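Engineer: Residue numbers for the sequence shown follow the numbering used here, so the first one is 3 and each next one is one higher.
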Amino acid sequence: MKRLLITGAAGGLGKVMRERLRPLAEIIRVSDIAPLGDAGEHEECVQCDLADGDAVHQMVEGCDGILHLGGISVERPFEQILGGNIIGMYNLYEAARAHGHPRIIFASSNHTIGFYPKTQRLTPDMPTRPDGLYGVSKCFGEALARMYFEKFGQETASVRIGSCMAAPSNYRMLSTWLSYDDFALLIERIFAAPFIDCPIIWGVSANDASTWDNSHISWLGWQPRDNAETYRREIEEKGVPDGGDALVRYQGGVFVNDPIYK
Ligand code: NAI
Ligand code: 15L
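1) How far does the alpha helix (DSSP H) with T178 in it extend, from its first residue to its last?
2) Could you check the C-alpha separation between Y136 and N112 for me, to the nearest Å?
3) What would DSSP say about C141, mapped onto helix, strand or coil?
4) By Cβ distance below 7 Å, which residues in the same chain neighbour C200 in space, the five residues on each side in sequence not counted?
5) How about F108 and G134: do their beta carbons lie closer than 9 Å?
6) Within the present structure, is the beta-carbon of P112 separated from the nearest heavy atom of ligand 1 by less than 8 Å?
7) What's the C-alpha gap between G164 and E77?
8) Comparing alpha-carbon positions, which option in H59, G67, D56, A11 lies nearest A41?
9) Is it true that the stretch 87 to 98 meets the stretch 182 to 194, where meeting means three or more beta-carbon pairs spaced less than 8 Å apart?
10) G55 to G90, Cα distance in whole Å?
11) Taking CB distances under 9 Å as the criterion, tell me whether D228 reaches chain D.
12) I need the straight-line Cα distance from P170 to Y118, nearest angstrom please.
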């Protein structure tokens with residue numbers, strides 16, 4: 003790619019991917035509402051609110067691919083979710099439509115399906131069961147991506163990320179963990195494919211305890227290498243939650259207990 007845009011680049015995942023994805027493009031354009039620090043070599047920094055349509059058009063212009071990590075990433079009052087995740091998604095897709103349909107990777111979330119019981123194996127064609135307004139906003143994002151594909155041919159991979167962090171930090175993450183390496187590998191595969199359509203992909207490592215079925219994307223050739231099982235002993239030493247604990251009862255873990263924040 004000539005220019006890859008990473009939104010949410012000042013956030014937890016954005017900071018990691020800003021470094022790791024350097025080889026994917028001549029220029030990485032990093033964007034966030036928060037300060038981004040100085041532009042590194044082969045970088046451009048664009049500070050911008052996703053809810054500002056004109057600013058988003060300028061941010062997207064000239065980009066051949068977009069990794070969309072920006073937005074509210076946990077349960078928050080609706081007004082915050084509305085700006086970052088609903089209006090922000092619409093602005094991003096309108097800008098992509100105006101600027102040549104750069105392929106988009108949308109950071110969706112397991113909280114689109116959080117109310118499924120942990121014992122159930124899931125495929126992406128099953129109905130959503132969001133566990134909060136945040137999860138609902140990610141369902142909106144996936145639906146928006148689908149509509150722009152059907153109407154305009156806009157390609158998007160909606161990656162329902164489990165728990166993407168350096169290492170799993172609780173019992174639930176033995177199934178939901180996505181390592182940074184496996185996420186970076188997935189991003190590479192998505193941008194390298196000649197055509198991707200508009201799939202929903204489970205963003206999860208090769209965890210023995212995973213309940214998410216990615217067999218529909220075997221054509222992508224993504225083979226996650228990490229397995230949270232490596233961490234089982236040290237996690238279990240901290241204590242094993244009982245079956246009634248939301249952490250292990252629901253796919254979305256404790257998000258199911260979040261109130262509607264005002
Ligand atoms: P984060 O909260 O650390 O980063 C999100 C970034 O988006 C922040 O830097 C924030 O300033 C920016 N942002 C928020 N509202 C904005 C707005 N209106 N305009 C522009 N930028 C705005 O979240 P994290 O963990 O880095 O996650 C990145 C993405 O991946 C998020 O979309 C999140 O929903 C999704 N995700 C992450 C998971 C994880 O395990 N880290 C799991 C599932 C989904
Ligand atoms: C998410 O969607 C959140 O963005 C992240 O902070 C984690 O809490 C993750 O899900 C998870 O379910 O572990």
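Note that CB positions come from ideal geometry on N, CA and C, so glycine has one too.
It should be emphasised that the depicted structure is a prediction, and the values quoted were computed from it without experimental measurement.
Structural biologist: Reading it off the structure:
1) 175 to 178
2) 11 Å
3) helix
4) A147, R148, F151, E157, T158
5) no
6) According to the sequence shown, residue 112 is Asn rather than Pro. Flag set: Cβ of N112 near ligand 1.
7) 15 Å
8) A11
9) no
10) 8 Å
11) Among the chains of the structure shown, chain D does not appear; only one protein chain is present.
12) 21 Å
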